[in-house]
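What follows is a short report on a single structure.
Number of protein chains: 2
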Amino acid sequence: MKASLTILTRRFYSSQEVARKWIYAKTFRGEPTHANFRLETEPIPALREGEFLAEAEYLSVDPYMRPYMLAYPEGSLMIGGQVARVIASSHPRFPIGATIFGQFGWRTHTVCNPDQVEKDKPYVLPDFGTLPTSLGLGLLGMPGNTAYFGLRELCQPKPGETVVVSGAAGAVGSAVGQLAKITGCRAVGVAGSDAKCEWLLKLGFDSAINYKHNNVYADLKKAAPGGIDCYFDNVGGEISEAVIKQMNVAGRIAVCGAISNYNTSVAKVTDPQRQFVFKQLRMEGFLVWRWNDRWMEGIEANLRLIREGKLRYEETITEGFDKMPDAFIDMLRGGNTGKAVVKV
Amino acid sequence: MKASLTILTRRFYSSQEVARKWIYAKTFRGEPTHANFRLETEPIPALREGEFLAEAEYLSVDPYMRPYMLAYPEGSLMIGGQVARVIASSHPRFPIGATIFGQFGWRTHTVCNPDQVEKDKPYVLPDFGTLPTSLGLGLLGMPGNTAYFGLRELCQPKPGETVVVSGAAGAVGSAVGQLAKITGCRAVGVAGSDAKCEWLLKLGFDSAINYKHNNVYADLKKAAPGGIDCYFDNVGGEISEAVIKQMNVAGRIAVCGAISNYNTSVAKVTDPQRQFVFKQLRMEGFLVWRWNDRWMEGIEANLRLIREGKLRYEETITEGFDKMPDAFIDMLRGGNTGKAVVKV
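Top line first, the protein sequences correspond to chains P and Z. Adding 26 to a residue's 1-based position in the first sequence gives its number in the numbering used here. Adding 26 to a residue's 1-based position in the second sequence gives its number in the numbering used here.
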């Protein structure tokens, strides 16, 4: 095999070196503490055909880890991404010296055969030039892509619209607001300290609200006087309620995270906001007038189905124009089966 | 004008006849009562060029009227659709004898110039054959179209999927379940009486749950063992919570109504579920892995923006692999600005 010829060993690497790793020692309950983690070491095995050895340079800590780890048994390696440097290799696409991203977990050294990784394959970072490689975990990695795709594909902001982002001073939120500005939108951020809010204004946000000291609902009224068209939600909870009440017609909400309740008890994993994130649910409210231009299509399709005996109906008919309030009151109580109508 | 030649007068119609109409006498609070309504009469004016006179045959009572009327002052005509017969006409497309649908409100006689109606224009019903014209208010009208378009366009059910509908024995819900069956789906209905549930089973629903006597969550587990792919929601509230917890990944929810809280106090108009309906909001949860196939597009776009000076960042870097739990705990408390990373 040609690949085996590319095996090279970094000067300081030997199979006697050990990897350090953080173990999920105890299931999270409430806010994580040191008792949830345990540091361990393990020997680094010798490389086999097609493998490389990567040494972590930067490791990522992300909000998603808190809810995700609940799916893992105690004793598992903590999950997470890292920017690493290849220090030994028997894989042509991951040569020594390459700076890569890998979903290797909380560990210093990783032996990996990238061809055998099914999900979250490691990849060589594009040339960042003079920018720090740590950006491969942030703006030029998962959080940056979360902002880029979530805003573009789900919020679909148009120039002149107002975009609100919660968790605005985080890795994702700070990118969302700036991308919204680049699109020609008004950007409003909600964050948790005055220093964060000042930073958001420096980044070009039109407005920044410190939810810890202010009335978010009232401040949003001022910051978004024309209402809110897009909401990029990282936090859920009360902030989201205040935003949703001020959304404009046909507004779009991208639910990226629900960090406001990640530290709540295990029992609350079924919180609706989390359901939306982790199951990627889509919910859309509608008024049928939206399809006014296809109105007869619907009537004719249903008429055909009735004639074919495939669609049946029942009606609850109240007789007499003077009985209209009675029919209405009864219908709201669920007194009808099928359509409630009044025969004059 | 040619149209004026078509003026004809029904034998029994004269301008002395009076129209009866129901007035919204008092703003709804809680469940409507007779005190909210007042019956009045008014003379029917003589027809002018381009007008017709319609006599109501069937009038509709619909859940939406309860929240919609809150936008009208006391003394307004109650809003609503009706199936009516044209009994005098000076409009060629609405000849005498035509059966029409009109959004005329709760009134027996209506003079209308259809060319001057901006929204909700009246229309002549298609030929229903031997079917009752009242269907123009139900399955072959607004509720039928609500089921047809809402299910098709927003739930987008695929054969083999499971569709749950709340308010299943209503005009909309009973059509939704049947249309889901026609599409090859499993249809589960939630309704408020045993009689309604029996009817749903007769219509072909695979399962029907009486929410008044049963544990909806547990019954759904049985009725939809493979989870729920589509939810057509007419009611909101606790039933919706139980359904949403059992949705499958990438599930679709069409929020059509929130009747469970229509009778609550005026103050609750801002309830989130209603916001979704009346503002036609769209909310979608997401995981960025959805765009794995476009991953480098995102990184390269953001890299370009950074280089152009349009996209800025800050990082919160914790030094030392042994500090990973500290960095994680701090990040969950909001201690970071921008991306939180650990430098090994």
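Ideal Cβ positions, reconstructed from N, Cα and C, are used throughout, including at glycine.
Relative to L79 of chain P, the option among P:V242, P:A124 and P:L165 whose CA is nearest is P:A124. In its chain, beyond the 5 residues on either side, P169, T172, A173, N260 and C282 have a beta carbon closer than 7 Å to the beta carbon of V198 of chain P. Taken through DSSP and simplified to helix, strand or coil, I70 of chain P comes out as coil.
In this structure, DSSP gives A206 of chain Z a helical state, which the three-state scheme calls helix. Using a CB distance cut-off of 9 Å, L79 of chain P does not count as an interface residue toward chain Z. C-alpha of E187 of chain P to C-alpha of V214 of chain P: approximately 11 Å in a straight line. For Q142 of chain Z, not one C-beta of chain P is nearer than 9 Å to its own C-beta. Between Y339 of chain Z and A201 of chain P, the C-beta gap is smaller than 9 Å, which places the two residues in contact. For S233 of chain Z, same chain residues with a beta-carbon under 7 Å away, outside a window of 5 residues either side, are V214 and A249 in chain order. Cβ atoms of Q204 of chain Z and L227 of chain Z stay farther apart than 8 Å, at about 12 Å. Taken through DSSP and simplified to helix, strand or coil, R178 of chain Z comes out as helix.
For chain Z, the residues of the stretch 214 to 237 of chain P that bring a beta carbon within less than 9 Å of one of its beta carbons are A217, G218, S219, A221, K222, W225, K228, L229 and G230, in chain order. Check the Cα spacing between P351 of chain P and each of Z:P148, Z:M104 and Z:L358: the tightest is with Z:M104. For a cut-off of 8 Å, the C-beta gap from I126 of chain Z to A110 of chain Z is around 6 Å, short enough to register as a contact. Pairing I279 of chain Z with Y257 of chain Z gives a Cβ-Cβ distance under 9 Å. Under DSSP, M273 of chain P forms a beta bridge with P:I254.
R359 of chain Z has a beta carbon lying within less than 9 Å of a beta carbon in chain P. Per DSSP, reduced to three states, the secondary structure at K147 of chain P is coil, with no helix or strand assignment.
The Cβ-Cβ distance between Q301 of chain P and I270 of chain Z falls below 9 Å. For F304 of chain Z, a Cβ of chain P is located within less than 9 Å of the residue's own Cβ. Put simply, the CB of D88 of chain Z is near chain P, with a gap under 9 Å to one of its CB atoms. Contact between L85 of chain P and V370 of chain Z holds: CB atoms are separated by about 7 Å, below the 8 Å threshold. Residue burial annotation: V143 of chain P is exposed, with fewer than 16 other C-beta atoms found within 10 angstroms of its C-beta. In this structure A97 of chain Z is exposed. Its beta-carbon is surrounded by fewer than 16 other beta-carbon atoms within 10 angstroms.
Under the Cβ distance rule, A327 of chain Z counts among the residues neighbouring chain P, one pair being separated by less than 9 Å.
Taking the CA atoms as reference points, T342 of chain Z sits about 52 Å from G56 of chain Z.
With fewer than 16 other CB atoms across the displayed protein chains lying within 10 angstroms of its CB, P121 of chain Z is exposed. Ranking Z:W132, Z:E224, Z:G76 and Z:K47 by CA distance to the CA of D88 of chain Z puts Z:W132 first.
Assignment of V87 of chain P by DSSP, reduced to helix, strand and coil, places it in the coil class. Neighbours of T172 of chain P in chain Z, taken as residues whose beta carbon is under 7 Å from its own, are V314 in chain order. Within the stretch 75 to 125 of chain P, the runs of alpha helix (DSSP H) at least 4 residues long that lie entirely inside it are, in chain order, 91 to 94. By DSSP's assignment, T342 of chain Z forms a beta bridge with Z:A366. For N328 of chain Z, the enclosing alpha helix (DSSP H) has its first and last residue at W321 to R333. In the structure shown, the three-state DSSP call for S200 of chain Z is helix. For the pair P185 of chain Z and C211 of chain Z, the CB atoms are nearer than the 9 Å cut-off.
Residue-level contact check: P351 of chain Z touches chain P, since one or more beta carbons of chain P fall below 9 Å from its beta carbon.
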